[in-house]
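With my numbering, the residue at position 107 of the sequence shown is 112, and numbering never jumps.
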Amino acid sequence: MAPVPFEAQMNGDGQRTCGAAALNMIYKSMGIVIPQQAVWRVISLPDAQTGRFARTYRLAFDAILRGVHAIAFKALDPIQAVQTVLAAGSSVIMNHRLQEDTGDGHFTVALSANDNSIEFHDPQFGPSQKRSTVLMRSLWQPKFDNCEISGNFLIALAPIGVPHKCSACGVSSPDSVTCPACNVSFALQPASALGCVNTMCARRLWEAVLCPYCDAVFPLGA
Ligand SMILES: [Zn+2]
Ligand SMILES: [Zn+2]
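Here it is, written out as structure tokens:
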């Protein structure tokens, strides 16, 4: 994987554009250059008041628009999922709370991870931040009323899709899945990010996947 250049979020008009900055860092590592504001307009939707907020499924949608494979999913164990995605040479955006005392959602770009700590580019706090996996697990859990995260979500991204067959159980990942809510099919790539599509397999890393078109959260097939 190419080095991931850092990009700070712009935070104009009280809008927190961490999701757009996080995507842009990964796009740049793939040679794709887009103004942060342009990405922000795609990934954010109006809220009930006057602001706009990034939506996790829209990050995957934006990546697909740019010709980049992306799969957003709720991980059984987000630390293990990040390790697996990075080891496969793919990129990963983490969706967790900004810090311990807030329910505000945040997007960061993982650079490396072991069982003790994760290093990541944080669009708000700066490049190459390091946090313990204990703290990251806590930040990945929803807390407080109106918390902006639903817990253990991440987005795996890769420039090209590669067929994936689980080395433990031998089950191959399907090329695509169809969302049960909106009936649209989307590529299940990077497939290795999910570990294994077999519900019964110990290599499985997902609890549910997120439709990049309608925000439905659903488990993979039987
Ligand atoms: Zn398997
Ligand atoms: Zn859908």
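The C-beta atom is built at its ideal place from N, Cα and C for all residues, glycine as well.
query: Chain-order list of residues whose beta-carbon lies under 8 Å from that of Ala-221 (same chain, five-residue window excluded); result: Cys-184, Pro-185, Ala-186, Cys-187 and Leu-215
query: Given 8 Å, three or more beta-carbon pairs between the region 20-36 and the region 188-208; result: no
query: Closest Cα partner of Gly-24 within the set Ile-160, Leu-144 and Val-167; result: Ile-160
query: With 16 other Cβ atoms within 10 Å as the buried cut-off, status of Met-205; result: exposed
query: For review: beta carbons within less than 6 Å of any heavy atom in ligand 4; result: You won't find ligand 4 in this model; what it holds is ligand 1 and ligand 2.
query: Proximity test, Ala-173 beta-carbon vs ligand 1 heavy atom, cut-off 6 Å; result: yes
query: Asn-203 Cβ short of 6 Å to ligand 1 heavy atom set; result: yes
query: Of the listed residues Ser-133, Val-90 and Arg-102, nearest to His-232 (C-alpha basis); result: A question about residue 232 goes unanswered here, because the residues of the chain that appear run from 6 up to 227.
query: Range covered by the beta strand (DSSP E) that runs through Val-97; result: 96-102
query: Every unbroken alpha helix (DSSP H) inside the region 117-170 [4 residues or more]; result: 138-144
query: Burial state of Ala-3 (16 or more Cβ within 10 Å); result: Here the chain comprises residues numbered 6 to 227, so residue 3 is not present and cannot be evaluated.
query: Val-176 CB to nearest heavy atom of ligand 1 below 6 Å; result: yes
query: Distance CB(Gly-108)-CB(Phe-78) smaller than 7 Å; result: no
query: Residue of Ser-190, Cys-201 and Phe-158 minimising C-alpha distance to Val-176; result: Cys-201
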